[in-house]
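Quick notes on the structure that follows.
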Amino acid sequence: MRNRVIHGYDKIDNEIVWGIIVKYLPVLKIEINNLLK
């Protein structure tokens, strides 16, 4: 995913990006909060 965004390989599909955000952001938020405790 990073290479596609950085180097412009192919067209970026906003639905795919949004799906990744929705799937992983809540988990990342929990992990960051645990680290800050």
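Counting in our numbering, the sequence shown runs from 3 upward without gaps. The beta-carbon is built from N, C-alpha and C at its ideal position, and this holds for glycine as well.
- Here DSSP, grouped into helix, strand and coil, assigns Ile-14 to coil.
- DSSP, read as helix, strand or coil, puts Lys-31 in helix.
- Lys-39 carries a coil assignment under DSSP once its states are collapsed to helix, strand and coil.
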